[in-house]
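Take a look at the structure set out below.
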Amino acid sequence: MRGSFIFASFALKKDTRDKKTHLLRFVCIGIVFCILFSSWITSSRVGSPGLDFFTKIIWLNFWLVTLAGIGFFSTSITEEKEEETLPLLKLAGINTFALLTGKSSVRALRMILLLMGQLPFLLLSVSLGGITPLQIYATLIAIIGYIILISNFALLCSVYAKRSGEAIALMLTALFFYFLFPTLQYHLTVNLQSRGYLTLTDSISSSSKYLFVISQEHSVVEQIKQILTTGYSGSILSSQVISNVSLGILFFTLAWFIFDFCTEKTTINVSGSRKFQSHKRFMNSRPGTNAFVWKEFQFSGGGLKATLLKLILYPTLIIVIVGGGILFDRYTTSSSIQSFTWKELVSAALLLLFVSFIVECTIYASRIFREERIQKMIPLLSILPCSMFRIAYEKVGGIILSLIPVCLTIILVILIVPESITYLTSSGLYSLVPLMIIQFCIFLHLLAYYSLMVRWGALAFAIGTFILVESCATPLLQLFYFMFQDTIGEAGVLLPAFYLSLVCCFILQILIAGRFHQIAAEE
Numbered sequence: 001m002r003g004s005f006i007f008a009s010f011a012l013k014k015d016t017r018d019k020k021t022h023l024l025r026f027v028c029i030g031i032v033f034c035i036l037f038s039s040w041i042t043s044s045r046v047g048s049p050g051l052d053f054f055t056k057i058i059w060l061n062f063w064l065v066t067l068a069g070i071g072f073f074s075t076s077i078t079e080e081k082e083e084e085t086l087p088l089l090k091l092a093g094i095n096t097f098a099l100l101t102g103k104s105s106v107r108a109l110r111m112i113l114l115l116m117g118q119l120p121f122l123l124l125s126v127s128l129g130g131i132t133p134l135q136i137y138a139t140l141i142a143i144i145g146y147i148i149l150i151s152n153f154a155l156l157c158s159v160y161a162k163r164s165g166e167a168i169a170l171m172l173t174a175l176f177f178y179f180l181f182p183t184l185q186y187h188l189t190v191n192l193q194s195r196g197y198l199t200l201t202d203s204i205s206s207s208s209k210y211l212f213v214i215s216q217e218h219s220v221v222e223q224i225k226q227i228l229t230t231g232y233s234g235s236i237l238s239s240q241v242i243s244n245v246s247l248g249i250l251f252f253t254l255a256w257f258i259f260d261f262c263t264e265k266t267t268i269n270v271s272g273s274r275k276f277q278s279h280k281r282f283m284n285s286r287p288g289t290n291a292f293v294w295k296e297f298q299f300s301g302g303g304l305k306a307t308l309l310k311l312i313l314y315p316t317l318i319i320v321i322v323g324g325g326i327l328f329d330r331y332t333t334s335s336s337i338q339s340f341t342w343k344e345l346v347s348a349a350l351l352l353l354f355v356s357f358i359v360e361c362t363i364y365a366s367r368i369f370r371e372e373r374i375q376k377m378i379p380l381l382s383i384l385p386c387s388m389f390r391i392a393y394e395k396v397g398g399i400i401l402s403l404i405p406v407c408l409t410i411i412l413v414i415l416i417v418p419e420s421i422t423y424l425t426s427s428g429l430y431s432l433v434p435l436m437i438i439q440f441c442i443f444l445h446l447l448a449y450y451s452l453m454v455r456w457g458a459l460a461f462a463i464g465t466f467i468l469v470e471s472c473a474t475p476l477l478q479l480f481y482f483m484f485q486d487t488i489g490e491a492g493v494l495l496p497a498f499y500l501s502l503v504c505c506f507i508l509q510i511l512i513a514g515r516f517h518q519i520a521a522e523e
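Start counting the sequence shown at 1; every next residue gets the next number (full-length UniProt numbering).
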């Protein structure tokens, strides 16, 4: 049994000697101080500044743990499968338990240590007022239970899946069913009851309510909300903590039992159908003088067939939403359901188009350098008679061509129904549109940069970094607002934020180019 922890002990020693790990911990403490400074600035306008400070930190930790479950924990075993190093580890005499604890449990322990390192600084919120030490300890225990749950389920997904992408997809699906599905199905059932399609006593309604109640009882989100309420006096070992830890142990045991079966054959081959599709795409078109634009458009964007399909799909989506909403309201007579005009339905469809645009941009940005990174083609690109900047910009041009269908559909909807855009910006957010666009550009730059830094999980790292940067920038923007609110108003925040965002985009482009040259030199 002692030998089973050798791999975990080695991983912990490596972690303690790694400078990047300690730098990350110092950064986390710095973020805590930045948020503390932000809460101190707004303390005159907030009734409980200590509660406000602690709430910001806890929800930031929750989102970072969730992102770590998606991109960090879920690749613990699949990265060994893709590198085909599992047989070497088994040949070295490392048993299954040692491998699982060394690859996954140590990662969860790192996350818990990062969380516990914030405890002395989180206790400062007690002196600010609005929160008690019991609430702090109970919240940290709830987060630790959630870490145990998500890390071990991610381990199970990583053992079962053949690729990191499959493990990440399984994690996203599980998080959807854990957080969103019970609430969505319950509200759908209530909606059907109000329309007369279901009754309160039938089996579907009872099952829906039972699932919703169970999910709320064992959800870390609801537990944190309950703990942060005024006058909380419950135990730190809630049903959520006990259930999450128990399920985490169960998932670890399942991963242990199925490990040998799922890792007997670790060689990952490209399917013949994918090779045939790539060959067919190549035979149907030629790159011409813009090879990288053609390559990105054909292989990342799907080519002409995918473009034509999206040109049909997006207008069909508009017709289904608007027409279906009108018919649904016409043939239902319940007065408890709000009716919508066709212009409001068009606005809802336009909102879905914007979401589709964001999703497409995110997917393309995460894949823009991934194939070259995985297939180690960057050194070959570096010897071509063109600069890295030109290669990157041509690849961006291919992505822009792939975005033409959704952009055309958005423009068409706005031209036909100009009022649809006013419904979405009726709260006076016109001045924030340029800032939101440039912030989204920063996120895409981060995503492209992390696609060169890590093999999998670039999206999770980009979202986490973006959240951290925004949290640290908030106090600075608040200072700008207090300094210039009497002279130039809200522009005192918007203009510095806009210019700083432009500078960040420029810096990230330099970092991407530097990472290109570094990879080309190393490989």
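The C-beta atom is built at its ideal place from N, Cα and C for all residues, glycine as well.
Within 8 angstroms, strictly: CB atoms of residue i and residue j
i           : j           : result
residue 130 : residue 50  : yes
residue 80  : residue 91  : no
residue 174 : residue 167 : no
residue 466 : residue 498 : no
residue 446 : residue 515 : no
residue 73  : residue 151 : yes
residue 58  : residue 224 : yes
residue 136 : residue 122 : yes
residue 240 : residue 219 : yes
residue 318 : residue 349 : yes
residue 53  : residue 125 : yes
residue 406 : residue 343 : no
residue 186 : residue 212 : yes
residue 411 : residue 368 : no
residue 142 : residue 238 : yes
residue 292 : residue 372 : no
residue 171 : residue 70  : yes
residue 210 : residue 300 : no
residue 256 : residue 96  : yes
residue 529 : residue 153 : The structure shown does not extend to residue 529, since the chain is modelled only from 1 to 523, so the question has no answer here.
residue 409 : residue 315 : yes
Rounded C-alpha distance that separates residue i from residue j
i           : j           : result
residue 550 : residue 385 : Nothing can be reported for residue 550, as the shown portion of the chain is limited to 1 through 523.
residue 496 : residue 438 : 12 angstroms
residue 64  : residue 140 : 14 angstroms
residue 247 : residue 321 : 40 angstroms
residue 273 : residue 302 : Confidence at residue 273 is low in this model, with a pLDDT of 42, below 50, so its placement is unreliable and no value can be given for it.
residue 390 : residue 464 : 29 angstroms
residue 455 : residue 204 : 44 angstroms
residue 358 : residue 403 : 10 angstroms
residue 99  : residue 378 : 32 angstroms
residue 506 : residue 360 : 23 angstroms
residue 199 : residue 325 : 23 angstroms
residue 375 : residue 381 : 12 angstroms
residue 353 : residue 190 : 28 angstroms
residue 33  : residue 470 : 14 angstroms
residue 494 : residue 68  : 31 angstroms
residue 307 : residue 434 : 28 angstroms
residue 517 : residue 504 : 20 angstroms
residue 232 : residue 62  : 20 angstroms
residue 194 : residue 39  : 43 angstroms
residue 14  : residue 87  : 22 angstroms
residue 440 : residue 82  : 32 angstroms
residue 392 : residue 401 : 15 angstroms
7 angstroms CB neighbourhood of residue i in its chain, flanking five on each side removed
i           : result
residue 450 : 458, 461 and 462
residue 511 : 449
residue 103 : 76 and 77
residue 524 : Since the first residue of the chain shown is 1 and the last is 523, residue 524 is not available in this structure.
residue 25  : 114 and 117
residue 55  : 228
residue 182 : 211, 212 and 215
Interface flag, residue i vs chain B, CB-CB below 8 angstroms
i           : result
residue 466 : Structure shown: chain B not included; a single protein chain is present.
Close-in-space but distant-in-sequence residues of the same chain around residue i (CB under 6 angstroms, 5 per side omitted)
i           : result
residue 261 : none
residue 216 : 222
residue 259 : 96 and 159
Other residues of its chain near residue i: CB distance less than 8 angstroms, five sequence neighbours each side excluded
i           : result
residue 28  : 114, 117 and 118
residue 500 : 473
| field | Segments of 4+ residues assigned as alpha helix (DSSP H) that fall wholly inside the stretch 156-180 | value | 164-175
| field | Every unbroken alpha helix (DSSP H) within the stretch 379-437, with a cutoff of 4 residues, ordered by chain | value | 388-402, 404-416 and 419-424
| request: Could you pull out every unbroken alpha helix (DSSP H) segment of at least 4 residues lying fully inside the stretch 44-118, listed in chain order? | output: 49-71, 78-83, 86-91, 96-100 and 106-116
| request: Write down every uninterrupted run of the alpha helix (DSSP H) in the stretch 192-232 whose length is 4 residues or greater and which is fully enclosed by it, in chain order. | output: 203-217 and 220-227
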